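Novice: Residue 19 is where the sequence shown starts when you use the working numbering, and the numbers rise one by one after that.
So that we are looking at the same thing, I have put the structure below in structure tokens.
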Amino acid sequence: MLESYLTGLIVCGGIIIAIGAQNAYVLGLAVRREHHWWSAGLCMGTDVVLLTAGMFGVSAILLTMPNAMEAMRWLGVAFLSWLAAQAFYRATTGRQALTASRAGGRSLKHVLFATLAVTILNPQVYLDTLLLIPAIGAQQESATTFVAGASTASILWFSLLAWGGALLSPWLSRPLAWRLIDVVIGLMMAAVALHLARNGV
């Protein structure tokens, strides 16, 4: 049981840390202190719903299809490698700094709709929560405990983005900070991809 929980926590945590559109949007709101906790809460709730649906819908099918599990393995390797390559590219070329200015603040409704759009219109979210993570969870002793661990990772991560982004807004506004973040992300994604390729799910 504990092993399933920790596996869900570590696997989901390692995947969602990759700074995609959703995470970057929440972090940008946090740096500007612009309804960032509402946005983070919406992301947490969406992740929990999608992870639960993916785990208890897709996993049952995958268990009866060994070839699908192998395909998911290499799809995961390719996806994680792509994330790592993107992160290393951003670390090399740099990206625009986030602005901590509060000018032209948006309404809560606007922020929530934008957060929902960034979440549900991003194919990466579905690949993670409905396919990649459940494919790993299907091999665990307890699916419920695995989902609990994965959901905890999402809650902890978005809480950290909201709290840490606001706290460290002066530092995170610098382009150098983004380079360092991308290096860490790239190394983590490359390590997970290599482990998956060598050992399977």
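Even glycine gets a Cβ: it sits at the ideal position worked out from N, Cα and C.
Computed from a prediction, not measured in an experiment: that's the story for all the values here.
Quick one: residues in its chain with C-beta nearer than 7 Å to the C-beta of valine 129, no 5 flanking neighbours on either side, listed in chain order?
Specialist: Looking up residue 129 in the sequence shown gives position 111. Hits under 7 Å: Leu47, Glu52, His53, Trp56 and Ser57.
Novice: DSSP on glutamate 221, reduced to helix/strand/coil?
Specialist: Only positions 19 to 219 of the chain appear in this structure, which leaves residue 221 out of reach.
Novice: So, at 7 Å on beta carbons, what are the nonlocal neighbours of arginine 197 in its own chain, with the 5 sequence-adjacent residues on each side left out?
Specialist: Residue mapping note: residue 197 aligns to position 179 of the sequence shown, counting from 1. Closer than 7 Å at the Cβ level, and outside the excluded window around arginine 197, lie Ala109 and Gly112.
Novice: Using three-state DSSP, classify glutamine 40 as helix, strand or coil.
Specialist: Here the question's residue 40 lines up with position 22 in the sequence shown. Note: glutamine 40 maps to helix in three-state DSSP.
Novice: Are the beta-carbon atoms of serine 177 and serine 22 separated by less than 8 Å?
Specialist: What you label residue 177 is simply residue 159 of the sequence shown in a count that begins at 1. What you label residue 22 is simply residue 4 of the sequence shown in a count that begins at 1. Not closer than 8 Å, so no.
Novice: Looking only at its chain, what residues have a beta carbon closer than 6 Å to the beta carbon of aspartate 200, apart from the 5 residues adjacent to it on each side?
Specialist: For this step, residue 200 is matched to residue 182 along the sequence shown. Closer than 6 Å at Cβ, skipping near neighbours: Ala105, Arg108 and Ala109.
Novice: For leucine 68, tell me which candidate among Val95, Leu101, Ser172 and Ala96 has the shortest Cα-Cα distance.
Specialist: As a working note, residue 68 is residue 50 in the sequence shown. Ranking the options by Cα distance to leucine 68, first place goes to Ser172.
Novice: Look at alanine 168 and cysteine 30 and say whether their C-beta atoms are less than 8 Å apart.
Specialist: Along the sequence shown, one-based indexing puts residue 168 at 150. Along the sequence shown, one-based indexing puts residue 30 at 12. Yes, they are a contact pair.
Novice: Do you know offhand how far leucine 185's Cα is from arginine 91's?
Specialist: Working through the sequence shown from its first residue, we reach residue 185 at position 167. Working through the sequence shown from its first residue, we reach residue 91 at position 73. When rounded, the distance between both Cα atoms is 38 Å.
Novice: Quick check: the Cα distance between alanine 121 and leucine 101, rounded to an integer number of angstroms?
Specialist: In the sequence shown, the residue the question calls residue 121 occupies position 103. In the sequence shown, the residue the question calls residue 101 occupies position 83. Bear in mind that the predicted position of alanine 121 carries a pLDDT of just 45, short of 50, making it unreliable; the figure below should be weighed with that in mind. C-alpha separation (whole angstroms): 33 Å.
Novice: Shortest alpha-carbon distance to alanine 215 belongs to which of Leu179, Ser125, Gly94 and Ile203?
Specialist: For the purposes of this step, residue 215 is taken as residue 197 along the sequence shown, with counting starting at 1. Of the candidates Leu179, Ser125, Gly94 and Ile203, the one whose C-alpha sits nearest the C-alpha of alanine 215 is Gly94.
Novice: In whole angstroms, what separates the C-alpha of alanine 135 from that of threonine 64?
Specialist: In the sequence shown, residue 135 corresponds to position 117, counting from 1. In the sequence shown, residue 64 corresponds to position 46, counting from 1. Spanning the two alpha carbons is a distance of roughly 12 Å.
Novice: Excluding sequence positions up to five away, which residues of its chain have a Cβ less than 8 Å from the Cβ of tyrosine 43?
Specialist: Locating residue 43 in the sequence shown gives position 25, where the first residue counts as 1. In the same chain as tyrosine 43, and ignoring 5 residues on each side of it, the C-beta atoms closer than 8 Å to its own belong to Ser57, Ala132, Thr133 and Val136, in chain order.
Novice: What are the start and end residues of the alpha helix (DSSP H) that includes serine 177?
Specialist: Residue 177 sits at position 159 when you count from the first residue of the sequence shown. Counting along the chain, the alpha helix (DSSP H) containing serine 177 begins and ends at 161–185.
Novice: Asparagine 85 and leucine 179 look like a contact to me (Cβ under 8 Å); what is the Cβ gap, rounded to whole Å?
Specialist: Here residue 85 corresponds to residue number 67 of the sequence shown, with the count starting at 1. Here residue 179 corresponds to residue number 161 of the sequence shown, with the count starting at 1. Their Cβ separation, rounded to whole angstroms, is 37 Å, which puts asparagine 85 and leucine 179 out of contact at 8 Å.
Novice: I'd like the span of the alpha helix (DSSP H) that includes arginine 192, first residue to last.
Specialist: Your numbering for residue 192 matches position 174 in the sequence shown. Here arginine 192 belongs to no alpha helix (DSSP H), and DSSP marks it neither H nor E.
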